[in-house]
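Residue numbers (our numbering): 382 to 539.
Structure (structure tokens):
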């Protein structure tokens with residue numbers, strides 16, 4: 382993206398100094414390409430919002446089923462989204478998101494794999510998940526192709 386910005390600046394400077402049809406065409410093509418990319422980015426943000434809403438709906442449904450006071454752990458929610466995996470999803474702020482949605486806890490947010498960026502989601506092992514289940518925690522693991530309760534997160538099923 383930075384290199385494209387440099388190209389745009391060079392084209393614009395060249396056009397400002399000596400306008401030519403070729404430089405104008407280059408600027409127009411670049412503008413159209415960036416517009417298309419911005420539109421795709423907007424769609425990806427909309428899908429991220431749908432994913433957030435799906436996670437909150439799953440949380441509300443699971444809280445109703447589990448009852449108040451039972452810990453529920455969300456494991457391996459996607460940290461990044463978008464075609465280029467450049468859109469942060471659930472690597473930061475899950476407790477705040479649940480709080481703002483008015484969802485009573487206790488909630489646990491864990492991951493069993495590395496995330497693309499830093500995160501406030503705690504890294505755990507499969508043994509930790511087994512121990513949590515044995516202690517009575519409801520553990521919901523998001524895995525590719527997994528059915529309920531995470532089917533709503535699979536873009537192929539929307």
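Virtual Cβ for every residue (Gly too), placed ideally from N, Cα, C. As the structure is a computational prediction, the values presented were derived from the model and not from experiment.
Using the rule of at least 16 other Cβ atoms within 10 Å of the residue's Cβ for burial, across every protein chain shown, is residue 409 buried or exposed? Residue 409 is exposed by the Cβ-count criterion.
How many whole angstroms separate the CB atoms of residue 479 and residue 440, which I take to be in contact at a CB cut-off of 8 Å? 6 Å
Could you tell me whether the Cβ atoms of residue 503 and residue 443 are closer together than 8 Å? no
Beta-carbon spacing of residue 498, residue 457 below 8 Å: No, they are not a contact pair.
Between the C-alpha atoms of residue 447 and residue 510, what's the straight-line distance to the nearest angstrom? 17 Å
I'd like the ranges of any alpha helix (DSSP H) spanning at least 4 consecutive residues and lying wholly in the segment 388-473. 402-447
Between residue 527 and the rest of its own chain, which residues show a CB-CB distance below 7 Å, the 5 nearest in sequence each way excluded? Any answer about residue 527 is weak, because its pLDDT of 49 lies below 50 and its placement is not dependable; what the coordinates show is given next. In the same chain as residue 527, and ignoring 5 residues on each side of it, no C-beta atom comes closer than 7 Å to its own.
Just tell me which of 455, 482 and 389 has its CA closest to the CA of residue 434. 482
What's the gap between the Cα of residue 471 and the Cα of residue 429? Rounded to whole angstroms, residue 471 to residue 429 spans 10 Å at the Cα level.
Between residue 491 and residue 453, is the Cβ-Cβ spacing less than 8 Å? no
Beta-carbon separation of residue 388 and residue 411 under 8 Å? yes
In angstroms with no decimal places, state the Cα-to-Cα distance between residue 474 and residue 419. Going by the C-alpha atoms only, they are around 25 Å apart.
I need the DSSP call for residue 510, collapsed to helix, strand or coil. helix
Who are the near neighbours of residue 500 in its chain, counting only those whose CB is closer than 6 Å to its CB and skipping five residues on each side? 472
To which residues does DSSP link residue 522 through a beta bridge? Answer is 456, bridged to residue 522.
Length of the line joining the Cα atoms of residue 536 and residue 425: Only weak support is given to the placement of residue 536: the predicted model assigns it a pLDDT of 42, under 50, and the value that follows is read from those uncertain coordinates. Roughly 11 Å between the two C-alpha positions.
Exposed unless 16 or more other CB atoms sit within 10 angstroms - verdict on residue 432: buried
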